[in-house]
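One structure is given here, and the rest of the page talks about it.
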Amino acid sequence: MDSMHITGVRTVSIPVNNQDDALRFYRRLGFAVLRDAPTPNGRWIELAPGSGNVILTLEPADPDVHRGSIGIRFTSDDVDAAHAAMLAEGIDVDEILRWPGVSAMFAFRDPDGNAFSITGTDPGTEQGAGERIAS
-7 MDSMHITGVR
3 TVSIPVNNQD
13 DALRFYRRLG
23 FAVLRDAPTP
33 NGRWIELAPG
43 SGNVILTLEP
53 ADPDVHRGSI
63 GIRFTSDDVD
73 AAHAAMLAEG
83 IDVDEILRWP
93 GVSAMFAFRD
103 PDGNAFSITG
113 TDPGTEQGAG
123 ERIAS
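This is how it looks when you write it as structure tokens:
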């Protein structure tokens, strides 16, 4: 099997009903805002506590997703190669998403239907991964 190019866990996704309320809550806990970019369904908000080893994303809740489901994203040094390798292995993968200011990413499912994502390590903007934006 070829390398899947998975290098770590990048984000844990938290579904929220109101991104502004959730953002205020996590900022009160001391989380720093790393990224806040518009997406087709709201905003892509990345937060990190202290050292920022793991990033939380506050995403609009999807009514089709069971409450309490948390998304886990693995990092990849080559999203396109990881996608191609998973397709070659017959893994259930979605198309690669590419949004301005956000790392390329795609979803995949394990044999039990658990969903995960692979995301790149560089969003392709002047704000690199782990770099805090003005509060």
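Our numbering numbers the first residue of the sequence shown as -7 and each following residue consecutively.
C-beta: ideal position from N, C-alpha, C; glycine also.
Looking only at its own chain, which residues have a Cβ that is under 6 angstroms from the Cβ of Thr3, when we skip the five neighbours before and after it?
-> By 1-based counting over the sequence shown, the position of residue 3 is 11. Around Thr3: Ile47, Thr49, Arg65.
What is the residue span of the beta strand (DSSP E) that Arg35 lies within?
-> Stepping through the sequence shown from its first residue, residue 35 is reached at position 43. In the DSSP assignment, Arg35 falls within the unbroken beta strand (DSSP E) covering 34 to 40.
Is Leu21 helix, strand or coil by DSSP?
-> Residue mapping note: residue 21 aligns to position 29 of the sequence shown, counting from 1. It is coil, neither helix nor strand.
Please list, in chain order, all residues of the same chain as Asp86 whose beta carbon is under 6 angstroms from its beta carbon, the five residues on each side excluded.
-> As a first step, residue 86 is located in the sequence shown; it is residue number 94 there, counting from the start. Excluding positions up to five away in sequence, the list reads Phe98, Ala99.
Candidates Pro52, Asn45, Ser68, Phe17: closest to Asn33 by CA position | The residue labelled residue 33 in the question sits at position 41 within the sequence shown. Of the listed residues, the one whose Cα sits closest to Asn33 is Pro52.
Ile(-2) versus Asp69, Pro92, Asp13, residue with shortest Cα-Cα distance = Mapped onto the sequence shown, residue -2 falls at position 6. If we check each option's Cα against that of Ile(-2), Asp69 comes out closest.
When DSSP labels each residue in this structure, what does Ala96 get in the three-state scheme?
-> In the sequence shown, counting from the first residue as 1, residue 96 sits at position 104. Of the three classes helix, strand and coil, the one that applies to Ala96 here is coil, per DSSP.
According to the Cβ coordinates, are Thr67 and Thr31 closer than 8 angstroms?
-> Here residue 67 refers to the residue found at position 75 when the sequence shown is read from its first residue. Here residue 31 refers to the residue found at position 39 when the sequence shown is read from its first residue. No. Outside cutoff.
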